[in-house]
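Shown next, in C-alpha cells, is the structure this report addresses.
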Amino acid sequence: MSTIPIFADESWRLPSRGRVGMLSLIVGESGIFTIFVVAYIYYIGRSTTGPTPRILEVPIFNTVCLLSSSLTIWLAERAIEHSFVRRFAALWALTMALGIEFLAGTAIEWRTLIFEDHLTVRTNLFGTTFYSLVGLHATHVIVGLIGLSLVMIFTLLGRVNRAHAERIQVLALYWHFVDAVWVVVFTVVYIVGR
Amino acid sequence: MADQTLPISGPLGEAYPSRGTWLEWLHSWVVTVDHKKLGILYVVYAIFFLLVAGGEAMAIRIQLAFPHNHFVSPEVYNELFTMHGTTMVFLVGMPILFGFANYLVPLMIGARDMAFPRLNAFSFWLTAFGGLMLYFSIIGGFGLYGMGSAPDIGWFAYAPLTAKAFTPGHNTDYWALALIVSGFGTLGTAINIIATTLSMRCKGMTLMRMPLFVWLMLVVSAMTLVTITPLTAAQVMLLIDRYLGGHFFDAQAGGSPIVWIHFFWIFGHPEVYILVLPAFAIANEVIPVFSRKAVFGYPAMVAASVGIAFVSMTVWAHHMFTVGMTSVGNTFFVLSTMIVGIPTGIKIFNWLATMWGGRIHFATPMLFATGFLFQFLIAGLTGIMLSVAPWDWQLHNSYFVIAHFHYVLVGAIVFNIFAAIYYWYPKATGRMLSETLGKWHFWLFLIGFHITFDTMHFVGLLGMPRSIYTYEPDRGWNTLNLIISIGGFIQAIAVLIFAWNLIHSYFRGKEAGNDPWDAWTLEWATPSPPPAYNFATDPVVRSRRPLWDLKHPKDPDWKYER
C-alpha cells in the first residue's frame, strides 16, 4: 500500500478569497436577475391594457457604450498590473464615463416613456415588469459606479499601485457581470419581448 | 517529517485579557469580528427566538386543545402561526446553522478566522436587526383597527392575500422587509463560508480531507446563494405591487398569484435542505466520534450531499400539486422528489454502517443523533408518500403535511441542533453540560415529540386542515388534539430543562479540557474556549482525522487514505 504524505514545504496554493467571494456574490445576484427575467418573459403579452413593448426604441448606442466599458476596464486591469498608473487612471475614468453615459441614456429613455408614452409601473403589467427589470440592472450599474469611483478617488490621491491589482480585478469582475447581465436584459426586453 | 505537529497552544494568560468593566465586556461583543464570538452570538440569538417561537407554538396548541376554544382571538391566531413559522425558519434555523458554521468551519480547517471577518460581523447584525424588525411589527405595524399588527399572512404569504386590498396596514411590509434584510445577511455569510472553505484551508487540508461538517456547510452555502435570492427578488416584487402599484401578482391586471407560489417554493423547498444539511453535518461529526469509528463512505457522503443540493433545486412544485399543473408537470415533480430519496438513503445507510460494530457511547449528543436517525427515516418515508401526487391531492394542507415537515424540522434538525450544542458547548465555554439534565432533556423531548407529531399524522388522515382557528366537536379530532397539545407541553418542559442546563453549566459545569470526547477534528486541538487567534502556529494535516494521527503515531490514518 503506497502512502502519499503531505510535506510542509510542498507548495500549497489556494484560490484568492476575493475572487471566490466576488464570484459567489455574482452567483447570488444571478438568482435575483433570473427571477426578474423569468417574470418578464412569463408576462410578455399578458397586459390587459395600454402601451405594449412596441413603443420601446432599441438602445443601441447605450448598449455599445456599456459593453465597451468591459473592454476598457480590462485594459485598465492590465495597465495596473504593469504599474502604468496614469494609463490605468485614464482607462478607469473612461470606464466610468461609459457607465455614466449608460445611466444617462436610460434616464432619457425613461423620461420619454413616462411623459410621452404615459407608461409607469402602475399602468400595466408591461410597465411593472419593464421598469423593475431594467431598473434592477440600472441599480447594479449605480452600485458598480460607486465602487469604481472609490477606486478613482484613491487613484487621484495617488494611493493605488501595482499591489492593488488583484483587488481591482475583483471589483472589475463585478463590472463584467453587470455588463454580461445587460446582454441578457437587452435580449429579453428589446429583442424577444418587443 | 518534522511537520507532523498540531500546536496545542501554550499558557492562556495572554489569550484571555481580563474582562474589565461590564461596559467594556458589552462593547467587546458589539464590535467583535472574531468568528467564534459571532458564532456564539448567532447561536444565542437563535436560542432566544427558539424560545419565543416555541411559546407561540404553545399558544397555538392551547387554542387547538379543545373544540370551540377561545384562548386567543382568530386574528391573533393567524398572527401566531405566521410568526411561529417565519421565526422558526428565518430567525432560528438559519442563524443557528450559520452560527455553528461560523464557529466551527475556521477551526476545523485550521484557519485563524473567516475570509472576510468584517463582512461576517456585518452579516450577523443584518440578520439580528432583520429579526428585531419582524418583531417590531407587533408594536409598529398598524393593522386594521383592533386586529393587532403582526404579519398574519402565513409564512408563505400567498398572493393575493398579500395585496394591499386584502392586507392593508404595514404588517405584510414588515414581513417582507425583515426577511429581505436578514436575507442579505444570510447571503453575506454564505459568501463568507464559501470563500473561507476554498481559500483559508491550512496546509495539507485538501478538499477530500475536510471534515464532512465543512463539506456540508460549503454545499449549504452554495445552495443559499441561489435559494435566498429568489425569495428576495419575489419580496421586492411584492413591495413593488404594494407601494408602486405594480401588477406582478394582481390577477385583475393580468398578473398571476401562481407566479408568487412558484417563486416562493423555488426558495422554499431548497430552504428545507439548507436547514437539514447542517443537521446532517452535525450527525457526520457526532456519530463517528461516539461510535469510535471513522465515518463510513466519506466520498459517497460528499457525493450524496452535492447530489441532494442539485436535485433539491428541481422539486419545488411538489408543494403545488393542487394548483392544477399539467400532468407532465405533476409527473416531473413526483419523480424528481422521489429521486431525492436516493442520496438521503445513501446517507442513512452510511451512518448506520458507521455505527455498525462500533463501540457506541451513548452520551447526550449521541442520544440526540440516534433519535435523529430514526426520526429522519420516518420523515423521509412520509415525504415519499406525499410526493405521490394523488396522495397529496387528498392530504394537501392537512395536518399530515404539518406532521411530515415537523418530523423533518424538529425530529431531524432540532434534535441535531441539540446534539451539536451538547457536543460543542464544552469547546465554546470550557465547561461540560450536565449529563443528568441532558438525559432528562433528551427523554422528555423524545417522548413529547412522538406524542405530538406521531398523533398529528392521524388527525391529518382524519381530515383536519392546517391553519384553522378551531373545529367542530363532532369531527372526531378532540382527543387526538388534546394528546398533541399535551405532547407539546412535555417538549416545552424539556426545552426549559435545556435552557436551565445551558445557564447552570456555564457557571457550575465540569471543566471540559481541550478534548473531552476524544475526537479527531482540528477544533479539539485548541484550548477550550479557543484563543482569539485559534492556532498558535498554522497546523499541517495529512489525513481526514488529524488528531487521530497525533494520538496514534504508530497507526496514522494517512497510511490508508489516498
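So the protein sequences, as listed, match chains C and S.
Numbering (this note's numbering) for the first sequence: 6 to 199.
Numbering (this note's numbering) for the second sequence: 4 to 565.
Note that the Cβ used here is the ideal one computed from N, Cα and C, for glycine as well.
Against Y47/C, the close residues of chain S are S259, V262, in the order they occur along the chain (beta-carbon pairs closer than 8 Å). Not one beta carbon of chain S lies nearer than 8 Å to the beta carbon of T111/C.
In this structure, the alpha-carbon of H123/C lies about 33 Å from that of H181/C.
Ranking Q238/S, Y276/S, A284/S, P281/S by CA distance to the CA of V262/S puts Q238/S first. Each of Q174/C, L118/C, V165/C, G152/C was checked against the Cα of R59/C, and the nearest Cα belongs to L118/C. Nearest to Y80/S by C-alpha distance, out of M61/S, M91/S, V544/S, L94/S, is M61/S. The beta carbon of M86/S sits no closer than 8 Å to any beta carbon of chain C. Its Cα nearest to that of S224/S, the residue F103/S stands out among G143/S, F103/S, I243/S. Against chain S, the beta carbon of F41/C has neighbours under 7 Å at A236, listed in chain order. The C-alpha of W527/S lies about 54 Å from the C-alpha of L103/C. In the displayed model, E27/S falls within a helix according to three-state DSSP. Residue V188/C holds the alpha-carbon nearest to the alpha-carbon of S73/C among R172/C, V188/C, F38/C, L30/C. As the crow flies, the alpha-carbon of N287/S is around 11 Å from that of M358/S. For the options W394/S, G249/S, V55/S, G490/S, the alpha carbon positioned closest to that of G132/C is the one of G249/S. Of all alpha-carbon atoms in A166/S, I197/S, A423/S, H38/S, the one lying nearest the alpha-carbon of A256/S is that of A166/S.
In the structure shown, K442/S adopts helical secondary structure according to DSSP, grouped into three states. Put simply, the region 451-461 of chain S touches the region 489-507 of chain S. At least three CB pairs are less than 8 Å apart. Proximity to V194/C across Q174/C, Y179/C, L155/C, G140/C peaks at G140/C, based on C-alpha coordinates. Nearest Cα to M435/S within the set P368/S, M86/S, I345/S: P368/S.
Sorting V543/S, G512/S, W551/S by C-alpha distance to the C-alpha of T524/S places W551/S at the top. Apart from the 5 residues on each side of it in sequence, T100/C sits with its Cβ closer than 8 Å to the Cβ of S74, T77, I78, A81, L153, W180 in its chain, given in chain order. Contact of L525/S with chain C by beta-carbon distance below 8 Å is absent, the smallest such distance being about 15 Å. Residue-level contact check: T100/C does not touch chain S, since none of the beta carbons of chain S fall below 8 Å from its beta carbon. F251/S belongs to the set of residues whose beta carbon lies under 8 Å from a beta carbon in chain C. The straight-line gap separating the alpha-carbon atoms of E62/C and L190/S is approximately 36 Å. CA-CA distance, F421/S to T130/S, rounds to 22 Å. What V25/C touches in chain S, judged by beta-carbon distance under 8 Å, is A118, I197, A198, L201, S202, going in chain order.
Taking V126/C as reference, the option from A284/S, E78/S, R245/S, G207/S with the minimal CA-CA separation is R245/S. In this structure the region 315-334 of chain S touches the region 394-404 of chain S; the number of beta carbon pairs closer than 8 Å is three or more.
Using beta-carbon distances, M388/S does not count as an interface residue toward chain C, since no partner is under 8 Å. Nearest CB-CB separation between K206/S and chain C: below the 8 Å threshold. For T100/C, the enclosing alpha helix (DSSP H) has its first and last residue at 90-120. Under DSSP, the beta-bridge partners assigned to K206/S are V543/S.
Excluding the 5 residues flanking it on each side, P56/C has same chain C-beta neighbours closer than 6 Å at D122, L124, in chain order. E62/C: not part of any alpha helix (DSSP H); DSSP gives it neither H nor E.
Listed as beta-bridge partners of S126/S by DSSP are no residues whatsoever.
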